[in-house]
Amino acid sequence: MVLSFLGLKGRSVTIGVILAAFALAPRSAAGGFVHPTRPTVAARPGAAVLVQLSVPGGGLSPELRAAHARLVSPALNVWRVEAAQAKRVVAALRAEGLLARAERDRRLVPFTHLSSGDPLLPQEWWIHDVGDDQTEPPPPGVPVTVIDTGLDLSHPEFQSRPNTTALNPQTVVSMDDFHGTAVSSVVGAPANGIGLVGVYPQAALQEWDFDEGSLSELLAGLDAASKRARGVVNVSSGFFGYDALLEQAIDRALHRGTIVVAAVGNDRESGSRSFVPASLPHVLTVGATNQSDRVAFFSNRSAALDLAAPGVDIPVAVPTFYDPSGYATFDGTSFSAPLVAGAAAWVWTVRSQLDPTQLEDVMRNSARDVGRKGWDADTGFGILSIPAALAEKVPPKDPQEPNDNVNLVRPHAVTASGARLSTPARVRARLDTTEIVSGRNGTRRGAFYFVDAFLGKRVAGGGYSLKVSVSRR
Numbered sequence: 090m091v092l093s094f095l096g097l098k099g100r101s102v103t104i105g106v107i108l109a110a111f112a113l114a115p116r117s118a119a120g121g122f123v124h125p126t127r128p129t130v131a132a133r134p135g136a137a138v139l140v141q142l143s144v145p146g147g148g149l150s151p152e153l154r155a156a157h158a159r160l161v162s163p164a165l166n167v168w169r170v171e172a173a174q175a176k177r178v179v180a181a182l183r184a185e186g187l188l189a190r191a192e193r194d195r196r197l198v199p200f201t202h203l204s205s206g207d208p209l210l211p212q213e214w215w216i217h218d219v220g221d222d223q224t225e226p227p228p229p230g231v232p233v234t235v236i237d238t239g240l241d242l243s244h245p246e247f248q249s250r251p252n253t254t255a256l257n258p259q260t261v262v263s264m265d266d267f268h269g270t271a272v273s274s275v276v277g278a279p280a281n282g283i284g285l286v287g288v289y290p291q292a293a294l295q296e297w298d299f300d301e302g303s304l305s306e307l308l309a310g311l312d313a314a315s316k317r318a319r320g321v322v323n324v325s326s327g328f329f330g331y332d333a334l335l336e337q338a339i340d341r342a343l344h345r346g347t348i349v350v351a352a353v354g355n356d357r358e359s360g361s362r363s364f365v366p367a368s369l370p371h372v373l374t375v376g377a378t379n380q381s382d383r384v385a386f387f388s389n390r391s392a393a394l395d396l397a398a399p400g401v402d403i404p405v406a407v408p409t410f411y412d413p414s415g416y417a418t419f420d421g422t423s424f425s426a427p428l429v430a431g432a433a434a435w436v437w438t439v440r441s442q443l444d445p446t447q448l449e450d451v452m453r454n455s456a457r458d459v460g461r462k463g464w465d466a467d468t469g470f471g472i473l474s475i476p477a478a479l480a481e482k483v484p485p486k487d488p489q490e491p492n493d494n495v496n497l498v499r500p501h502a503v504t505a506s507g508a509r510l511s512t513p514a515r516v517r518a519r520l521d522t523t524e525i526v527s528g529r530n531g532t533r534r535g536a537f538y539f540v541d542a543f544l545g546k547r548v549a550g551g552g553y554s555l556k557v558s559v560s561r562r
């Protein structure tokens, strides 16, 4: 299908749908507002196909060799087959018992964007809002990988920046390619006396150019980013619906020690449609707030939301072919997510004893509560606070991550009480395991077990994923 940048009304042109960059373009130079048309999603004729093999070494299949298939994710055993060969290859792999999954590759189509009149104004108000000015960032440590449209390595902010690694070729040539440079500048623009400063100026910054925003390149980027174990990945993009391969890739990354931070999306005025990866389990999902600490007018409401960060009037670096000054000011959850990603890497560098799930809990638990007391669907647990995250007590470990979701043969065997199930809540559940519970610790049958469950991320079909701890009755 065609995945287009998510259009939003308001002060800016937008971006978004797979991989829909969650940014709003800036105000016009005249100071007026630009109202984009809505994107359309439709099948794209001739799309390539992603095939996941069921056995290791299946890539030696003569069908894949003959089709010149490209290995997208070694960790998931996923290959990309061009459209002309796809039907034949899928049929052959299925007949040989090698096919685990096949799905159409997806990609985005960007809208035209406009540049701002005075790219250095307003100033970076977010610095005080998240407490970035209250403590000194550490030297380079835990890397942040930005999976986006590529980084303009010739930009003055980045051409001499140390600790900047391109994990694949960075091809920044069209107007639509500004987004990766903008997001990267929010993470780690250096304190070099020019332009602006990112949330973690000394960050070890890694870049993966996902080209035209295809799902296959997102999977490849997650695989590359997580190879070095501990790390933080920023994905300021997404697409409607659900994708099993993407969920597998995120689980695999977490298993390796890498967390994924994702923008929740800019679709509030259209009903806050659910995007992935933001709605998937084990993702740190980020919304946007304004200068009044209120949810931004475009930021999605979501049951998956973990925390929020400033996302209105955010100064960013852009390629000079996008704006001759090299800078612009944007709105969007695209720029809230990298604030959290950079801050998470900062905290993890200082607090190296934390494991990935403890880090995610620290970022949630330390957020500055705003709006309705406690968690809410507008700002999650609150607004990012770097000083509080550095001081937050160490949470207990979750030994059942990353694959602690309960899979049931007949899900109706789970009953819960003590909380409404329409929102994320901690509940007491009883699981009748005369059905089958399969999980990381094997398969249990027979007796009754109690399940402490946290209804967290909304999943396909309108339900919620369960983070569980099983104890015998």
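Add 89 to a position in the sequence shown, counting from 1, and you land on the number used in our numbering. Cβ atoms here follow ideal geometry from the backbone N, Cα and C, with glycine treated the same way. Please read all numbers here as calculations on a predicted model, not as lab measurements.
What does a CB cutoff of less than 6 angstroms around residue i pick up in its chain, not counting 5 residues either side in sequence?
i	result
L256	Q295, W297 and A313
E171	A137
T238	D266, H268 and G269
R457	G471, I472 and S474
G220	S474, I475 and P476
A293	P229, P232 and N252
Can you tell me the Cα-Cα spacing of residue i and residue j, whole angstroms?
i	j	result
T446	K482	14 angstroms
N252	N355	31 angstroms
L160	P370	25 angstroms
F329	S361	11 angstroms
P84	A432	Coverage of the chain is limited to positions 90 through 562, which leaves residue 84 absent and any answer about it impossible.
V327	A417	Reading off the sequence shown, one finds Gly at residue 327, where the question assumed Val. Going from the Cα of G327 to the Cα of A417 covers about 23 angstroms.
V375	A155	43 angstroms
L165	L308	9 angstroms
P125	R357	In this prediction, P125 scores a pLDDT of 24, lower than 50, which makes its location untrustworthy; no coordinate-derived value is stated.
P427	P399	10 angstroms
T568	E225	A query on residue 568 cannot be resolved here, the shown segment of the chain reaching from 90 to 562 and no further.
L448	A189	33 angstroms
D402	V459	20 angstroms
S388	A180	43 angstroms
L343	A278	26 angstroms
V262	D444	39 angstroms
M452	R440	12 angstroms
V275	E152	44 angstroms
P163	S325	24 angstroms
W168	A351	25 angstroms
T260	F299	9 angstroms
L394	V353	7 angstroms
V321	G282	27 angstroms
L335	L311	9 angstroms
A377	V140	36 angstroms
Need the endpoints of the alpha helix (DSSP H) that residue i sits in, please.
i	result
I472	Element bounds for I472: n/a, residue is neither H nor E.
A342	A333 to R345
L153	P151 to A155
Less than 8 angstroms between C-beta atoms, sequence neighbours within five positions excluded: which residues of the same chain meet that for residue i?
i	result
D222	I216
V286	E213, I216, A278, P279 and A280
For residue i, which residues does DSSP report across the bridge?
i	result
T378	V384 and P399
S162	V167
Y289	Paired residues: none, contrary to the question.
P404	T418
D356	Answer is none; D356 lacks a bridge partner.
I216	DSSP output for I216 lists no bridge partner at all.
R461	According to DSSP, which records beta bridges pairwise, R461 is partnered with nothing at all.
E449	According to DSSP, E449 bridges with nothing at all.
I283	Beta-bridge pairing links I283 to no other residue.
A181	A181 pairs with nothing; no bridge assigned.
V372	V349
V365	F328
A255	E296
Identify, in the order they occur along the chain, each residue of the same chain with its Cβ nearer than 7 angstroms to the Cβ of residue i, setting aside the five sequence neighbours on each side.
i	result
V144	L187
S273	V235, L240, L294 and E296
R390	R357, S361, A466 and D467
Kindly indicate the opening and closing residues of the beta strand (DSSP E) around residue i.
i	result
V140	V138 to L142
A314	Run containing A314: none in the beta strand (DSSP E); it sits in the alpha helix (DSSP H), L304 to S315.
W297	L294 to D298
D237	V233 to D237
L188	L188 to R193
G269	No beta strand (DSSP E) holds G269; the alpha helix (DSSP H) holding it covers F267 to G277.
V321	G320 to V324
Measuring from the CB of residue i, is there a heavy atom of the ligand FAD at a distance below 7 angstroms?
i	result
D402	Among the components modelled here there is no ligand, and therefore nothing to report on the ligand FAD.
Contact the segment 378-387 vs the segment 314-323: 3+ CB pairs below 8 angstroms: no
task: Specify whether the segment 249-265 and the segment 460-471 touch according to this definition: at least 3 beta carbon pairs, one from each stretch, less than 8 angstroms apart.
output: no
- prompt: Between the segment 428-436 and the segment 222-239, do at least 3 Cβ pairs fall closer than 8 angstroms?
  reply: yes
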